[in-house]
């Protein structure tokens, strides 16, 4: 009976090793196919948008899993490389957006400066015209006062006062 239990345990361990290796190979193969697809899509220009599927690992605990064979190490290595690529793409995109924002901000500042100068010119023109109208109004008031005063004897009345 002991021999049968020993044989069953040996077969079980061998089966687990084969299953582990099979799973490792299967996921490694899948990761390779995904990577090849991404490289092909990049080459053909088919993925213009940044589409991200992110997996992460706890790097502080990586030493604990270093002795695990196969799939864990493959996944950790794949996740680290993909995270590095994603971070670099995101950094590039952020830098590009910062450049665009800086250009647009400078354009807006220049436009605001131009509009401010134009507004100052318009205000100056309005003030000049108001001053001119005020001077004309003062002249008209003084002429009305002169016309309303009684004339001195011996001077002729204007025609409009005769009526």
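In our numbering, the protein residues as written are 490 to 652. For glycine and all other residues, C-beta sits at the position ideal for the given N, C-alpha and C.
For residue i and residue j, I'd like the C-alpha separation in whole angstroms.
i: residue 572; j: residue 525; result: 17 Å
i: residue 451; j: residue 597; result: Since the displayed the chain opens at 490 and closes at 652, residue 451 lies outside it and no answer follows.
i: residue 492; j: residue 501; result: 14 Å
i: residue 604; j: residue 519; result: 60 Å
i: residue 619; j: residue 613; result: 10 Å
i: residue 582; j: residue 601; result: 28 Å
i: residue 595; j: residue 585; result: 16 Å
i: residue 638; j: residue 622; result: 25 Å
i: residue 588; j: residue 609; result: 32 Å
i: residue 523; j: residue 507; result: 24 Å
i: residue 607; j: residue 591; result: 24 Å
i: residue 576; j: residue 570; result: 10 Å
i: residue 615; j: residue 624; result: 14 Å
i: residue 499; j: residue 521; result: 33 Å
i: residue 528; j: residue 574; result: 12 Å
Within 10 angstroms of its Cβ, does residue i collect 16 or more other Cβ (buried), or is it exposed?
i: residue 504; result: exposed
i: residue 495; result: exposed
Using C-beta distances below 7 Å, list every residue in its chain close to residue i, excluding the 5 sequence neighbours before and after it, in chain order.
i: residue 617; result: none
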